[in-house]
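See structure below.
Residue numbers (mature numbering (1 follows the signal peptide of the UniProt record, and there is no 0)): -20 to -1, 1 to 529.
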């Protein structure tokens, strides 16, 4: 443990004046933080274990147990959501047994706030509807309004119905107004709401001034600092200032990693930005770090469709490998033919030289042909070297991704077996209602589909890093595609990514993406109408993106 504290202390020294550094130097610091993430996780676990030891030493004191459970919830809420929910549920039971309205309100609001962050909107709304406003303290009123605001913002963001989305956002504005009415003008919540409003209105100068005030209320390596720097990066993103956006995303990410916060957005957005800039290796490292965090923070059963993605990637790599082998064989045949021709030419020249001066003119012509053949042979040798390198690279990538997906399959099999054991246990306990509630909730499909698409997008862009640029080059200038923040590919790009992988059947694409065949057909027709090239040649041109020609 002393070693852990010593390493942590040394790493803290590196944080001095970090905000004054350049984006590139901050990325180097972030790389170092990620490399040493186990140190920060050990410190987090040490703090949690100390709280658990303190809890075990208590002797049936409900109020003290409640207090330590609250501390454990705060330690887990950004680290492991399942454990955070566990301690909130314990506190709900304690508050109910004490009939303590204040603590019941506090725990319900905290649970609802956490559920909103996890996308559990139905459960969050159900808890908030049980809260009676007239029993709330001033701080509880603030937390209550903030929880409702985030609930309706989340519902609005994921609603497919424009009318419902508008109603949800109106409700969010209503609760934001209520929050503003009860908070001091200089409070973090008040300033954050003002900053967001200015950012939406594109009043960037004033938004930055408000953010400056918020920064003064925080200090580096704290949760508020990570949040404020993240919000500052959003301002710079809207301003088109990529350098400062990258800088403050890095500052936020550094704080997140050192605090062992696994529920974060800054690192994934930073990875997408770096991928657009061509820093593929670092972007891939950050994405893998985010995926590991998501699994630790909120474990879910991985969708079986990941197996289909593995088959697609494996098939594409095999196809590319076969193509390279055929090209290599063709080059070798040509080299052999040229070698034979060269040998014949040399023999022929030698015989002609024996015939004397009378054949000197013919000899010069043959010498010229010989030089030409030598030049061609040299070109072929260079091409052969190039093809060898390409085959080696393709084989390396193939092995890496096959290993990755085999590992994911193994994890998925374990998750399925755990799920089977859970179902078996509930059946043995005759917990039929619990099983019914689990099977009725379809949020799992949405979460797994989202993770599936993120993995597919990330791996596809690793295979074809210039896909978006070359795809846009096929479109009219006014029809260029710009992906939204937090996305690697959108629906149109994902359809044509599958086409690039050799899946042209609209029904297969529709089944993979969860759309109707007509919707896929309409997307494809729409993109063909935006093409610079002839409509009938558009998809063939897409299939050639990234190909070795």
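Quick reminder that beta carbons are idealized off the backbone N, C-alpha and C, glycines included.
Source: prediction; values computed, not measured.
Beta-carbon proximity check, residue i vs residue j, cutoff 8 Å
i           : j           : result
residue 400 : residue 433 : no
residue 235 : residue 206 : yes
residue 162 : residue 118 : yes
residue 346 : residue 337 : no
residue 64  : residue 27  : no
residue 71  : residue 93  : no
residue 363 : residue 311 : yes
residue 116 : residue 79  : no
residue 122 : residue 169 : yes
residue 49  : residue 20  : no
residue 510 : residue 470 : no
residue 156 : residue 167 : no
residue 479 : residue 512 : no
residue 445 : residue 260 : yes
residue 238 : residue 13  : yes
residue 101 : residue 134 : yes
residue 52  : residue 38  : no
residue 472 : residue 461 : yes
residue 98  : residue 139 : no
residue 350 : residue 329 : yes
residue 180 : residue 130 : no
residue 74  : residue 45  : yes
residue 263 : residue 3   : no
residue 151 : residue 132 : yes
residue 108 : residue 128 : yes
residue 124 : residue 111 : yes
residue 77  : residue 104 : no
residue 145 : residue 465 : no
residue 438 : residue 463 : no
Boundaries (first-last residue) of the alpha helix (DSSP H) holding residue i
i           : result
residue 241 : Run containing residue 241: none; DSSP gives neither H nor E here.
residue 204 : 203 to 219
residue 3   : 3 to 15
residue 409 : Here residue 409 belongs to no alpha helix (DSSP H), and DSSP marks it neither H nor E.
residue 141 : Where residue 141 is concerned, there is no enclosing alpha helix (DSSP H), given that its DSSP letter is neither H nor E.
residue 184 : 184 to 196
residue 199 : Neither: residue 199 is in no alpha helix (DSSP H) and is coded neither H nor E.
residue 444 : Per DSSP, residue 444 belongs to no alpha helix (DSSP H) and is neither H nor E.
residue 180 : 168 to 180
residue 265 : 260 to 277
residue 246 : 246 to 257
Integer Cβ distance of residue i from residue j, believed to fall under 8 Å
i           : j           : result
residue 210 : residue 232 : 4 Å
residue 240 : residue 270 : About 14 Å; that fails the 8 Å criterion.
residue 253 : residue 226 : 6 Å
residue 486 : residue 500 : 4 Å
residue 219 : residue 441 : So it is not a contact: roughly 25 Å between Cβ atoms.
residue 153 : residue 171 : The pair is not a contact, with the Cβ atoms about 17 Å apart (cut-off 8 Å).
residue 451 : residue 476 : 7 Å
residue 436 : residue 526 : Not a contact, Cβ separation roughly 16 Å.
residue 242 : residue 58  : 7 Å
residue 318 : residue 360 : 7 Å
residue 518 : residue 506 : At roughly 11 Å, the Cβ-Cβ gap does not stay under 8 Å, so residue 518 and residue 506 are not in contact.
Taking only runs of the beta strand (DSSP E) that begin and end inside the segment 451 to 528, which ones reach a length of at least 3 residues, in chain order?
none
Output the residue ranges of the alpha helix (DSSP H) runs that lie fully inside the segment 43 to 107 and measure 4 residues or longer, sorted by chain position.
61 to 78, 81 to 97
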